[in-house]
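Encoded as structure tokens, the structure appears first; notes follow it.
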Amino acid sequence: MTAFEKLPEMAGPMCEFAPASATSSEMMMRTSLLQGAAPGVAGAPPRPSASARDLVQKRQPVSNIEDPHFGFAGITVDLARNEVIIAEENISTILVYDRMENTPPTAAMSEPKRIIGGEETFIEYACGVYVDPANGDIYSINNDTMNWMPVFGRDQKGDIKPKRKLGVPHTTAGIMVDEDTQELFLTIQDDHAVVVYPKYAEEEALIKRVIQGKDTGLADPHGIGLDTKRGELYITNWGSNNNRPEWEQGKGGGGFGRSARRGDFPVGRNRTYPASGMFHPASVTVYKKDASGNAVPIREIKGPKTGLDWPTAVAVHPERGEIFVANDTGHNISVFPITANGDVAPIRVIQGPKSFIKNPTGVFVDLKNNELWVANFGSHSATVYPFDASGDAVPKRIIRSGPVDAGSPMLGNPHTVAFDSKRDQVLVAN
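Numbering (my numbering), first residue to last: 2 to 431.
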């Protein structure tokens, strides 16, 4: 904050209470009374002059709260090219490292082989990434801001236009592709939905199908995993949701941006029912991969025994019959049997200071090299483990984007700021 302007004092409450039983005529009367009271602010002091406002605009900040390091979010491995690809939220980039990179303990960081980022890229607040196993195309999703999914060629780098881009719903969080059916799956936080596109869809291509509805169990969905062997889809849910009309083909939409005009989109936030918001326990919901509409989960992992705590990402190991869940605020990776259902405890948990796991937001199962990859937003790191790792396991390798002792301010797309004068603290809503 560099300056502030005190608002004029106003008599009476800022917002008049309107009982639910109030008729439309009563509401109109209240409105007219409030409008009639407006002259009461006539004695307010005038706004600062143009020269005074110009002087304020030229002031430099007294201090900054920022993270100068890359904030690792989503993660995947290009198995054909032996590269690790990371979606980075803090500076809004896609980073590419050699798979065998291992930052020395005394080094400040490891330099990426390639960086994709800049105004031309359509990357902003990148939270998820997928790589095409055949041609190396990199799919990047943006969460709260830019409602595009850019796709880059394997060798693209720098501030470059994407190979193609797809217009997607607001707040995409997780990405997965079924290479067998050539379908692209995205989780949509704000709409409590999963959308499915043709893999090579671009620009304003239509959605093929939508999973959304009160019976789906979807509640602020984030991570997404796919088991093509069993034909199942795994979704991690943070737990908050609300009710809205049931989705019908061609009758969806009603949200931000293009959602306002797209009937193929999930039913948007502007059509939610008032006072229908709810908080549920975090969960992992499982569906058949061809599910659509108000689909009931075939299984659901939920309850106090699960230890789920902001489960942000999930990966499937079909041969071992296990799923790996990254718990952001739990600072751990919990492992469940692929058939787990109900309030069940994980069979293993990776957690502790030696594990280097802190605020994990991405997880990837490397079946070729038998390795588990974790992206840690809270420790500027990507860590690697054997699949059977448990407890406070030491990583096989670590890729760091900052010094070992560099704390993370945990800024993630900050929106509003408040100052607590009693405690002398700045409160930031992310």
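For each residue, glycine too, the CB sits at the ideal point set by N, CA and C.
Check	Outcome
Rounded distance between the beta-carbons of Tyr-386 and Ile-324, thought under 8 Å	Contact doesn't hold; Cβ gap of about 15 Å is too wide.
Residue burial classification, Pro-312 (beta-carbon count within 10 angstroms, cutoff 16)	buried
Assigned exposure category for Val-42 - 16 Cβ within 10 Å defines buried	Any reading at Val-42 must be qualified, since the residue scores a pLDDT of 47, below 50, and its modelled position is unreliable; no value is offered.
Buried versus exposed, by CB contacts within 10 Å (16 or more), Glu-120	exposed
Beta-carbon proximity list for Ser-277, same chain, < 6 Å, skipping 5 on both sides	Asn-243 and Asn-244
Residue nearest to Val-418 in terms of C-alpha spacing, selected from Thr-182, Arg-165, Thr-307 and Leu-428	Leu-428
Residue nearest to Glu-67 in terms of C-alpha spacing, selected from Asn-414, Val-169, Gln-426 and Ala-74	Asn-414
Where the beta strand (DSSP E) through Arg-300 begins and ends	300-303
Alpha-carbon to alpha-carbon, Thr-286 and Asp-221	12 Å
Inside the stretch 96-146 only - alpha helix (DSSP H) runs reaching at least 4 residues	none
Lys-457 versus Lys-166 - alpha carbon distance	Look at the range of the chain in this structure, 2 to 431, and you will see that residue 457 is not part of it.
3-residue-minimum beta strand (DSSP E) runs that sit fully inside the stretch 226-252, ordered along the chain	233-238
Residue burial classification, Arg-401 (beta-carbon count within 10 angstroms, cutoff 16)	buried
Segment contact, 8 Å Cβ cut-off, at least three pairs: the stretch 72-79 with the stretch 352-371	yes
Cβ distance (whole Å) where Met-147 is taken to contact Glu-125 below 8 Å	4 Å
Strand pairing of Arg-349, partner residues [DSSP]	Val-336
Cβ-based burial, His-332 [other Cβ within 10 Å; buried from 16]	buried
6 Å CB neighbourhood of His-435 in its chain, flanking five on each side removed	The chain is shown from 2 up to 431; residue 435 falls before or after that span and cannot be answered.
Length of the line joining the Cα atoms of Asn-370 and Met-411	31 Å
Beta-carbon proximity of Phe-337 to Val-350, cut-off 8 Å	no
Coil, strand or helix - Ala-19 by DSSP	The pLDDT assigned to Ala-19 is 44, lower than 50, so where the model puts this residue is not dependable, and the model offers no usable value.
Status (buried if at least 16 other CB within 10 Å, exposed otherwise) for Pro-396	buried
Opening and closing residue of the alpha helix (DSSP H) in which Leu-56 lies	51-58
DSSP beta-bridge partners of Ile-87	Ile-76 and Leu-96
Nearest to Glu-205 (by Cα), restricted to the options Asp-265, Lys-303 and Gly-343	Asp-265
Burial state of Met-177 (16 or more Cβ within 10 Å)	buried
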